[in-house]
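**Student:**
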Amino acid sequence: MADDNTNEVEAKHKSDLSPSDANIKPQDVNNMDEDRNKNTLAVYVQDTTSGSASPNINPVSREGTPPPLPPRPRHQLLEERPTSSGTLKLPKSGGRPSLQSKATTALSQQDIQSFYNGGKEVHSKPASRQLSFTNFGFGISRSGSDADDSASVKSFAPTLEAGADVESLLGEALQDQETPAWKAMGFRPDGLHSEETLFAEDPYFERAFKHEFDEVDEMKPDGSNEAIVMNQWRSKLKHFMILSSAGKPIYSRHGDDQLITNYIGIVQTLISFYQGAKNELKGFTAGDVRFVIMSKGPLNLVAISRLGESDGQLRNQLEALTRSPNLLYGLIVAGGRLVSVVRPKKHSLHPGDLHLIFNMLFEAGSVKAGGGENWIPLCLPGFNNTGFLYMYVSFLSLTQSSEPLNDRPASSAGDEDEVAILLISAEKEGFHEMRQMRDVLVEVATV
Amino acid sequence: MSARMPQGGRQGGSRFAQFKLVLLGESAVGKSSLVLRFVKDQFDDYRESTIGAAFLTQTIALDESTTVKFEIWDTAGQERYKSLAPMYYRNANCAVVVYDITQAVSGPKPPAVCAVTVLTVPVVQASLDKAKAWVKELQRQANENIIIALAGNKLDLVTDSPDKRAIPAADAEQYAREAGLLFFETSAKTAENVRELFTAIARKLPLDQAGPRNIRSGVQRSGVDLRPEASNTQGAGGCNC
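These protein sequence lines are chains B and D, in that order.
In terms of the numbering used here, the first sequence opens at residue 2 and continues consecutively.
In terms of the numbering used here, the second sequence opens at residue 78 and continues consecutively.
1) Give a yes or no on whether 8 Å exceeds the smallest Cβ distance from B/N375 to chain D.
2) How many angstroms separate the CA atom of B/M295 from the CA atom of B/L322?
3) Please decide whether D/I278 counts as near chain B, where near means a Cβ-Cβ distance under 8 Å.
4) Just list the alpha helix (DSSP H) runs in the stretch 241-274 of chain D, keeping only unbroken ones of 4 residues or longer that don't cross its boundaries, in chain order.
5) Given B/Q233, which residues of its chain have a CB within under 7 Å of its CB, disregarding the five upstream and five downstream residues?
6) Measure the alpha-carbon distance for D/A208 versus D/Q218 and round it to whole angstroms.
7) Have a look at B/M242, B/L390 and B/D354 and flag the residue whose alpha-carbon is nearest the alpha-carbon of B/I272.
8) Would you mind reading off the limits of the alpha helix (DSSP H) that contains B/P204?
9) Measuring CB atoms only, is the stretch 302-310 of chain B touching the stretch 287-294 of chain B, in the sense that at least three cross pairs come out at less than 8 Å?
10) Locate the alpha helix (DSSP H) running through B/H356, then write down its first and last residues.
11) Output, in chain order, the set of chain B residues within a Cβ distance shorter than 8 Å of D/F132.
12) Assign B/E11 to one of two classes, buried (16 or more other C-beta atoms within 10 Å of its C-beta) or exposed (fewer than that).
13) Here's a check: name, in chain order, each residue in its chain whose Cβ is nearer than 8 Å to the Cβ of D/T144, leaving out the five neighbours to either side.
14) Hey, how far is the Cα of B/Q259 from the Cα of B/W376?
15) Could you have a look at B/R439 and say whether DSSP puts it in helix, strand or coil?
16) Tell me, to the nearest whole angstrom, how far the beta carbon of B/I425 is from that of B/M392; I am working on the premise that it is less than 8 Å.
17) If you measure beta-carbon to beta-carbon, which residues of the stretch 283-308 of chain B are closer than 9 Å to chain D?
18) So, helix, strand or coil for B/G309, using DSSP?
19) Find the residues of chain B that neighbour D/S238, judging by a C-beta separation of less than 7 Å, and give them in chain order.
20) Give the residues of chain B in contact with D/I128, contact being defined as C-beta atoms less than 8 Å apart.
21) Relative to the C-alpha of D/D233, which candidate in D/N220, D/D206, D/E262 and D/I224 has its C-alpha closest?
22) Pop quiz: D/L215 and D/A249 are said to be a contact at Cβ under 8 Å. What is the actual Cβ separation, rounded to whole angstroms?
23) Looking at chain B, is there any beta carbon in it that lies within less than 8 Å of the beta carbon of D/E273?
24) Report yes if the C-beta of B/M220 is less than 7 Å from at least one heavy atom of the ligand PLP; otherwise report no.
25) Mapping DSSP to helix, strand and coil, what is B/N57?
26) What are the residues in the stretch 201-214 of chain D lying within 7 Å of chain B by C-beta distance?
27) Is the distance from the Cβ of D/K108 to the Cβ of D/V175 below 8 Å?
28) Measuring only the C-alpha atoms, how far is B/T387 from B/L381?
29) Determine the chain B residues that contact D/L98 at a beta-carbon separation under 7 Å, and present them in chain order.
30) In terms of residue numbering, what span does the beta strand (DSSP E) encompassing D/G229 cover?
31) When you compare only the Cα positions, how much space is there between D/I128 and D/V106?
32) Using C-beta distances below 7 Å, list every residue in its chain close to B/G431, excluding the 5 sequence neighbours before and after it, in chain order.
33) Tell me whether the beta-carbon of B/M438 lies closer than 8 Å to the beta-carbon of B/S325.
34) Quick one: is D/E255 buried, meaning 16 or more other Cβ sit within 10 Å of its Cβ, or exposed?
35) Roughly how far, in whole angstroms, is the beta-carbon of B/F396 from the beta-carbon of B/P378, given that I think they are within contact range, below 8 Å?
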């Protein structure tokens, strides 16, 4: 299925391009495809919000029985991703006269920008690598938050808002490529018609990006591999750290406590220096690395990125890292299929449990037909067969997604436009918190 | 569901207040149907049993300057959910206890989906008796000033064929008077007395004591509260991790 679609995309692209490009050499197509796969990481999460299946749940939808979830999303997740739905949205917006306008509607703005900047980078020599990274950054942040268990249900928050950012930044330019804005950026429209330059190679980035989601090796007790581990750690393009206001490490995207202690120390020193001066440190740049610091109650959150994201974007990503301790699992279900899961690192969602939840939601009509929000005690035996959890359920209507679903009759399971947000908590009294979380989620998703 | 007081306020002479309302009663007496009629003005001839509880809101205007918002907890009536009820009626400002006026002796069987449940229901109870038990429990354990309304539902069945009535309105009314409850016979199907029921509750609620309206402020919405929780909020389910 994925292959078919990819081919379709190819075909579409060819036909959309100018005649001179119609006969592209096979290996070019491949290259392009590879490159686009990277770019389309950004599309990936958006797809989930708009209800189409995403790669890690494809098996569910195909066979009806959820397979065991992968133990931990790692590098292979990244590898898998491009094989399927990343580009699925593309062919659906047929009848576009050119690649540009097509991308505007079919893909997220970020992708367009990355396509363009890809072109731009080649044509205007002075363009820095950082610029192209900007766009890849969107992809990374999305996939990062998606691949990382500890990411919040609000994973899309940063990226979708980032999308809005880009739009406001380039809104006009995207509609009309001849605007001064594009010219000022050195953009040359004709560059787009060359396949080879559309997705420019950047070996350094390629390499670093490829390993971005690899786990940093464990430090051996005797410290013999310290240098290797440190190198791995340093080569990461993006870091997130959470530390307490007293400087205790709480979370790090890469590496364990031992590895990051020194860095946490430095960060803590910097933060407290400025706090002492009653002039809070918000961010700084060192070389091509941007540091953004956010204080949140007793926590300090730090984002360190070489991906050229804006402070606002990094801040949003940090925001997404702080997940309520009361939230155990967060699920988004669309058309009777699991679209997105947030879960603790230590617990995967047991297939049997997932089945149970789906049965409850889609086979018994009462939850769906109730028209409100539900707070349901349930036991997930795969998780813990001796206790209860509480599940918050809210069905959303896609047509006016800011409003909870109003008058949907109890219909058969798997209605395509049924999107439900499920938030599972061990906290009996957690309803209002989960409800707020839903509100934030919906708000963000509809921005 | 932590301590949430009625929210309300005055803006230029207009009053707004928000109250938590809980529906209780035997299974299949029509709690969900009443709510659906009140909130969405809809009725389903066939409804499956509620699982857990559903949460809905509805705002009504009492007069030109007074608006009341109900946060409604529609609980599951099945016996197996009984132990959850306190979670929903705690801090409730008002309650609607529903019974089925056509049902004197035995409760109706829940839908076939819940065949197992039928076997586990220990006592088959007339729904009015069950309602009285709920009233007692509320008066003993819920908010001291909770306003309770007794609603005899399925009035449409009796209107069509009076011999279906199993509980005389006078009996229920007398009980309601003695227990200090509001009383209505309602029909979720025809909407008879449904709005009247909720309006009567709203009128009886202490609008003037409502505190300033401070919920849904930007601060609360912006994300996760990182302040340390009160230690007593830990749930009973042993799955905290």
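Glycine included, each C-beta is placed from N, C-alpha and C at the ideal position.
**Tutor:** Considering the structure as presented:
1) What you label residue 375 of chain B is simply residue 374 of the first sequence in a count that begins at 1. Interface residue, yes.
2) As a working note, residue 295 of chain B is residue 294 in the first sequence. As a working note, residue 322 of chain B is residue 321 in the first sequence. The straight-line gap from Cα to Cα measures roughly 12 Å.
3) Your numbering for residue 278 of chain D matches position 201 in the second sequence. So no, D/I278 is outside the interface.
4) 246-256
5) Residue numbering aside, residue 233 of chain B sits at position 232 when the first sequence is read from its first letter. Excluding sequence neighbours, B/Q233 sits near V217 and D218.
6) Start at 1 with the first residue of the second sequence, and residue 208 of chain D comes out as number 131. Start at 1 with the first residue of the second sequence, and residue 218 of chain D comes out as number 141. Cα-Cα distance, rounded: 15 Å.
7) In the first sequence, residue 272 of chain B corresponds to position 271, counting from 1. Answer by Cα proximity: B/M242.
8) The sequence position of residue 204 of chain B within the first sequence is 203, counting from 1. Counting along the chain, the alpha helix (DSSP H) containing B/P204 begins and ends at P204 to K211.
9) yes
10) Along the first sequence, one-based indexing puts residue 356 of chain B at 355. Looking at the DSSP string, the run of the alpha helix (DSSP H) that includes B/H356 is P352 to F359.
11) Taking the second sequence and counting its residues from 1, the one referred to as residue 132 of chain D is at position 55. Those within 8 Å of D/F132 in chain B are G373, E374, N375, W376, F432 and R436.
12) Locating residue 11 of chain B in the first sequence gives position 10, where the first residue counts as 1. Below a pLDDT of 50, predicted positions are generally treated as unreliable, and B/E11, at 40, falls in that range; the measurement from the model is reported next regardless. Per the 10 Å Cβ criterion, buried.
13) If you number the second sequence from 1, residue 144 of chain D lands on position 67. Here the set comprises S91, R92, F93, A94, T136, I137 and A138.
14) Counting from 1 along the first sequence, the entry for residue 259 of chain B is found at position 258. Counting from 1 along the first sequence, the entry for residue 376 of chain B is found at position 375. Looking at the two C-alpha atoms, the distance is approximately 41 Å.
15) Here residue 439 of chain B refers to the residue found at position 438 of the first sequence. Helix at B/R439.
16) The sequence position of residue 425 of chain B within the first sequence is 424, counting from 1. The sequence position of residue 392 of chain B within the first sequence is 391, counting from 1. Confirmed, about 5 Å.
17) K297, G298, P299 and L300
18) Here the question's residue 309 of chain B lines up with position 308 in the first sequence. It is coil, neither helix nor strand.
19) Counting from one through the second sequence, the residue named residue 238 of chain D turns up at place 161. Ordered by position in chain B, no residue passes the 7 Å Cβ test against D/S238, which lies about 28 Å from the chain.
20) As a position in the second sequence, residue 128 of chain D is number 51, starting the count at 1. Here the neighbours are M361, A365, S367, V368, N375 and I377.
21) Locating residue 233 of chain D in the second sequence gives position 156, counting from the first residue. Selected option, being the one with the closest Cα: D/E262.
22) By one-based count along the second sequence, residue 215 of chain D stands at place 138. By one-based count along the second sequence, residue 249 of chain D stands at place 172. Going by Cβ atoms, the distance from D/L215 to D/A249 rounds to 17 Å, so no, they are not a contact pair.
23) Numbered from 1 along the second sequence, position 196 holds the residue referred to as residue 273 of chain D. Chain B contact via Cβ: absent.
24) This structure does not include the ligand PLP; it has no bound ligands of any sort.
25) The residue given as residue 57 of chain B occupies position 56 in the first sequence. Caution is warranted here: a pLDDT of 42 is assigned to B/N57, below 50, making its placement in the model unreliable, and the coordinate value is therefore given only provisionally. Helix, per DSSP.
26) none
27) In the second sequence, counting from the first residue as 1, residue 108 of chain D sits at position 31. In the second sequence, counting from the first residue as 1, residue 175 of chain D sits at position 98. Contact: yes.
28) Residue mapping note: residue 387 of chain B aligns to position 386 of the first sequence, counting from 1. Residue mapping note: residue 381 of chain B aligns to position 380 of the first sequence, counting from 1. Computed Cα separation, rounded: 9 Å.
29) The count along the second sequence starts at 1 and reaches residue 98 of chain D at position 21. Correct list: empty, because the minimum Cβ distance to chain B is about 13 Å.
30) Within the second sequence, numbered from 1, the residue matching residue 229 of chain D stands at position 152. Here the beta strand (DSSP E) through D/G229 covers I224 to N230.
31) In the second sequence, the residue the question calls residue 128 of chain D occupies position 51. In the second sequence, the residue the question calls residue 106 of chain D occupies position 29. If you take the alpha carbons of D/I128 and D/V106, they lie about 15 Å apart.
32) The residue labelled residue 431 of chain B in the question sits at position 430 within the first sequence. Around B/G431: N327 and Y391.
33) Sequence index remark: in the first sequence, residue 438 of chain B carries index 437 (1-based). Sequence index remark: in the first sequence, residue 325 of chain B carries index 324 (1-based). It is a contact, given that the beta carbons lie within the stated cut-off.
34) As a position in the second sequence, residue 255 of chain D is number 178, starting the count at 1. Exposed.
35) Looking up residue 396 of chain B in the first sequence gives position 395. Looking up residue 378 of chain B in the first sequence gives position 377. That belief does not hold up - the Cβ atoms of B/F396 and B/P378 are roughly 19 Å apart, past 8 Å.
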